[in-house]
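Under our numbering, think of the first position of the sequence shown as 652, with each following residue one higher.
By construction, the Cβ of each residue, glycine as well, lies at the ideal position given by its N, Cα and C atoms.
Structure first, then comments.
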Amino acid sequence: MARIIDAPLTGSEGSGCDPRAVHGAWGSLDAARKRGLSYSAEVKAETDALYEKVKHVVPAVEWPAYAPLIAAINTIKRQKNAVILAHNYMTSEIFHCVGDFRGDSLQLAREAAQTDAAVIVQAGVHFMAETSKVLAPEKTVLIPDLRAGCSLAASITGADVRLIKERFPGVPVVTYVNTSADVKAESDVCCTSSNAAAVVEWAAREWNSDRVILLPDEYLAKNVAAQTGIKIIAWHGRCEVHERFTVADIEELRAAYPGVVILAHPECPPDVMAAADFAGSTAALQDYVLEKRPAKVVLLTECSMSDNVAAAAPEVDFVRPCNLCPHMKRITLEGIYDALVEMKHEVTIPEDVRVRAKQAIQRMLDLPKEKPRAFKVGMPETAVELI
Ligand code: 13P
Ligand code: SF4
């Protein structure tokens, strides 16, 4: 059931769903050597405490491969007044060892808006880096690999949204943050999977409308429709990672691991959400595991989530029928190192687009702050108007 989507990226050691195997410790070792970095006694002393955080998910034999890049990145960050915003889908050596702020896309957006650092390195995908730049235009925002895209963000353009607005005048447009700045600029308000239902309810009230346009994720739209009872007009975007989970996967898991608790991200199909035990954003899934500490759990989401939560909850047994996001896995330690040393790939956004995108993001950030909202499971599938 574990699937790697897309071809291996670099290095090809290992297989299955170990995300670190896609790039591999040996890829990092080679990359460190090429950059003149080695596992010296100083590096060991500097990084021993960091290894403690990830020792349950990073084998000791791999640590000397990661540590030199980790030590070098942490030094350059201090020299350049830089912070790394690390999404929950980053591999553990990035997430726990060089990430300054960690979380879901909503938490990272809030951090970008607040940080005093001069440089933000986005350890995540391109739309997240754009969101940071929209909120912090005076800062240098770097993305370690320009190819770190997203199938949802690629599914829709600003021109598409303009046409949709012409077709449904007066209906509020809510867009998922997994979109380009161009798309956000055409939208009334943004949402993430942590607050999608709350934002849609707010937009319906604010625009006094019985319908809301929710773009571009078809499954998120259906899942929000089931939660809110609001009529949703939706687009046909899909997350290439989450659309692959099926009810048959869940049935197989329940049969193979009696008593296992199954958690799903709301980019999963509605029937998968209905069959899960709990559903929510990456932050909500993490909170659930850390609060409830189930004996055995499955996260129906990107592979690295399990490692990152397991590092903080080693007594929980994670079954890992996960799917890798090939875009998130473009981000590597050496990519982060090179981005910081060479101050490369800077994210820029035309000012007129940025200002309009900011309005949509800011409306979301200005809503009352609440805990990531869980999606009710067991809901019947609700129809949406698909355009
Ligand atoms: P979160 O907002 O839950 O972090 O999700 C972002 C994402 O890309 C999920 O695939
Ligand atoms: Fe996009 Fe899906 Fe990857 Fe998230 S997991 S970045 S939604 S492709």
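heavy atom of the ligand SF4 below 7 Å from residue i C-beta
| i | result |
| --- | --- |
| residue 829 | yes |
| residue 979 | yes |
| residue 734 | no |
| residue 842 | no |
| residue 957 | no |
| residue 893 | yes |
| residue 803 | yes |
| residue 776 | yes |
| residue 973 | no |
| residue 748 | no |
Assumed close pair residue i, residue j - CB separation to whole angstroms, cut-off 8 Å
| i | j | result |
| --- | --- | --- |
| residue 991 | residue 718 | Not a contact, Cβ separation roughly 17 Å. |
| residue 679 | residue 984 | 6 Å |
| residue 641 | residue 848 | As shown, the chain starts at 652 and ends at 1038. That puts residue 641 outside it, with no answer to give. |
| residue 941 | residue 964 | 6 Å |
| residue 973 | residue 999 | No, residue 973 and residue 999 are not in contact; Cβ-Cβ is about 34 Å, not under 8 Å. |
| residue 799 | residue 1024 | With 8 Å as the limit, residue 799 and residue 1024 do not qualify as a contact, their Cβ atoms being about 27 Å apart. |
| residue 813 | residue 789 | Their Cβ separation, rounded to whole angstroms, is 29 Å, which puts residue 813 and residue 789 out of contact at 8 Å. |
| residue 846 | residue 759 | Incorrect: roughly 14 Å between the Cβ atoms, too far for contact. |
| residue 892 | residue 976 | 5 Å |
Beta-carbon proximity of residue i to residue j, cut-off 8 Å
| i | j | result |
| --- | --- | --- |
| residue 735 | residue 772 | yes |
| residue 872 | residue 1028 | no |
| residue 751 | residue 739 | no |
| residue 895 | residue 870 | no |
| residue 785 | residue 1008 | yes |
| residue 922 | residue 1032 | yes |
| residue 803 | residue 829 | yes |
| residue 884 | residue 949 | no |
| residue 778 | residue 878 | no |
| residue 721 | residue 748 | yes |
| residue 797 | residue 996 | yes |
| residue 834 | residue 851 | no |
| residue 782 | residue 763 | yes |
| residue 1005 | residue 774 | no |
| residue 737 | residue 761 | no |
| residue 688 | residue 723 | yes |
| residue 867 | residue 807 | yes |
| residue 780 | residue 716 | no |
| residue 970 | residue 937 | no |
Element boundaries [alpha helix (DSSP H), containing residue i]
| i | result |
| --- | --- |
| residue 933 | 933-943 |
| residue 778 | 777-786 |
| residue 718 | 714-731 |
| residue 915 | Note, residue 915: premise wrong, no alpha helix (DSSP H); beta strand (DSSP E) at 912-915. |
| residue 1022 | Segment: none, residue 1022 is in no alpha helix (DSSP H) and carries neither H nor E. |
| residue 746 | 743-746 |
| residue 1003 | 1002-1017 |
| residue 980 | No alpha helix (DSSP H) holds residue 980; DSSP gives it neither H nor E. |
| residue 807 | Looking at the DSSP string, residue 807 is not in any alpha helix (DSSP H), and its letter there is neither H nor E. |
| residue 877 | 869-879 |
| residue 1030 | Here residue 1030 belongs to no alpha helix (DSSP H), and DSSP marks it neither H nor E. |
| residue 693 | 692-705 |
| residue 831 | Looking at the DSSP string, residue 831 is not in any alpha helix (DSSP H), and its letter there is neither H nor E. |
Boundaries of the beta strand (DSSP E) in which residue i is found, first to last residue
| i | result |
| --- | --- |
| residue 840 | 840-842 |
| residue 826 | 824-827 |
| residue 995 | Element bounds for residue 995: n/a, residue is neither H nor E. |
| residue 754 | 752-754 |
| residue 791 | 791-793 |
| residue 949 | 947-951 |
| residue 774 | 770-774 |
| residue 865 | 862-866 |
| residue 968 | 968-970 |
| residue 885 | 882-885 |
Closer than 8 Å to chain B by CB, residue i
| i | result |
| --- | --- |
| residue 902 | Note that chain B does not occur in the displayed structure, where there is just one protein chain. |
Contact test: residue i Cβ vs the ligand 13P heavy atom, cutoff 7 Å
| i | result |
| --- | --- |
| residue 1016 | no |
| residue 850 | no |
| residue 757 | yes |
| residue 954 | no |
| residue 918 | yes |
| residue 742 | no |
| residue 601 | Residue numbering for the chain in the displayed model covers 652 to 1038; residue 601 lies beyond these limits and cannot be assessed. |
| residue 845 | yes |
| residue 932 | yes |
| residue 739 | yes |
Any non-hydrogen atom of the ligand FAD closer than 7 Å to residue i Cβ
| i | result |
| --- | --- |
| residue 890 | This structure lacks the ligand FAD; its bound ligands are the ligand 13P and the ligand SF4. |
Counting Cβ pairs, one atom from each stretch, are 3 or more of them under 8 Å apart for the stretch 839-857 and the stretch 1008-1021? yes
Tell me, please, whether the stretch 942-960 touches the stretch 901-911 by the rule of three or more beta-carbon pairs shorter than 8 Å. yes
The stretch 891-911 touching the stretch 930-940, judged by at least three CB pairs closer than 8 Å: no
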